[in-house]
Amino acid sequence: MNNAIRFFAFHLRRAQPQRDPNELFNEGLTFGERLADRVAAVGGSWGFIIGFCLFLAGWAAINTVLLVAHAFDPFPFIFLNLMLSMLAALQAPIIMMSQNRQAAKDRLEARLDYETNQRAEAQIALLYEEVLAVKDQLRLLSERAVERA
3 MNNAIRFFAF HLRRAQPQRD PNELFNEGLT FGERLADRVA AVGGSWGFII
53 GFCLFLAGWA AINTVLLVAH AFDPFPFIFL NLMLSMLAAL QAPIIMMSQN
103 RQAAKDRLEA RLDYETNQRA EAQIALLYEE VLAVKDQLRL LSERAVERA
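So the sequence shown is residues 3 to 151, counted in my numbering.
Right, dumping it as structure tokens:
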């Protein structure tokens, strides 16, 4: 058993240092995937929410106050509703793509953590065996010293 642990621990100890999971994951991203992540980051920010609220307030103000007689989208704001529906129809799947990629990145990170834990466990087992061997040697040395005295 000890030889098997030492064999695996030796090979695990020689393993290359782990790279950052974010770098590993981002290497394979296509332009569309990077764009989806960026859209999700912008669309889920307070800056976007505040800016979009200002845009909606401006749209309503222009069509109800400034252009009362010749409004391009009168009060029920049907064109604005159409635009918002189209935006939501496009933005929702893009955000879901980004969330799926984040879940895949989390799985990769968990796998790398698991492998690191396995290597650490093997190294701890090897150290434990070495400590036991040193302890046995110290016990034998102390017994011999007692016998000589």
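C-beta: ideal position from N, C-alpha, C; glycine also.
Handout entry: Element boundaries [alpha helix (DSSP H), containing valine 44]
Key = Per DSSP, the unbroken alpha helix (DSSP H) holding valine 44 starts and ends at 33–45.
Problem - aspartate 75 versus glycine 46 - alpha carbon distance - result: A straight line joining the alpha-carbon of aspartate 75 with that of glycine 46 spans about 28 Å.
Practice task
Within 10 angstroms of the Cβ of serine 144, are there 16 or more other Cβ atoms? Answer buried if so, exposed if not.
Solution key: Serine 144 is exposed by the Cβ-count criterion.
Practice task
Would you mind stating whether asparagine 65 and phenylalanine 79 have Cβ atoms separated by less than 8 Å?
Solution key: yes
Problem - Distance between beta carbons of proline 23 and leucine 114, contact taken as under 8 Å - result: 5 Å
Exercise for the section: Since I believe alanine 43 is in contact with methionine 99 (beta carbons under 8 Å), could you give me their beta-carbon distance rounded to a whole number of angstroms? Expected result: At roughly 13 Å, the Cβ-Cβ gap does not stay under 8 Å, so methionine 99 and alanine 43 are not in contact.
Problem - Any 3 or more C-beta pairs closer than 8 Å across the segment 55–74 and the segment 129–139 - result: Contact annotation: the segment 55–74 does not touch the segment 129–139, with fewer than three C-beta pairs closer than 8 Å.
Handout entry: Where proline 76 sits in the DSSP three-state scheme
Key = DSSP places proline 76 in coil when its eight states are reduced to three.
Practice task
Could you name the residues of the same chain whose beta carbon sits closer than 6 Å to that of leucine 82, not counting the 5 residues immediately before and after it, in chain order?
Solution key: Trp61, Asp75
Exercise for the section: For the alpha helix (DSSP H) containing asparagine 28, list its first residue and its last residue. Expected result: 23–29
Practice task
Going by CA-CA distance only, name the one from Ala91, Arg103, Ala90, Ala147 that's closest to threonine 32.
Solution key: Arg103
Handout entry: Under 8 Å between C-beta atoms of isoleucine 96 and valine 133
Key = no
Handout entry: Euclidean distance between Cα positions of leucine 68 and methionine 88
Key = 26 Å
Practice task
Leaving out five residues on either side along the sequence, give the residues of the same chain with a beta carbon under 8 Å from the beta carbon of alanine 112.
Solution key: none
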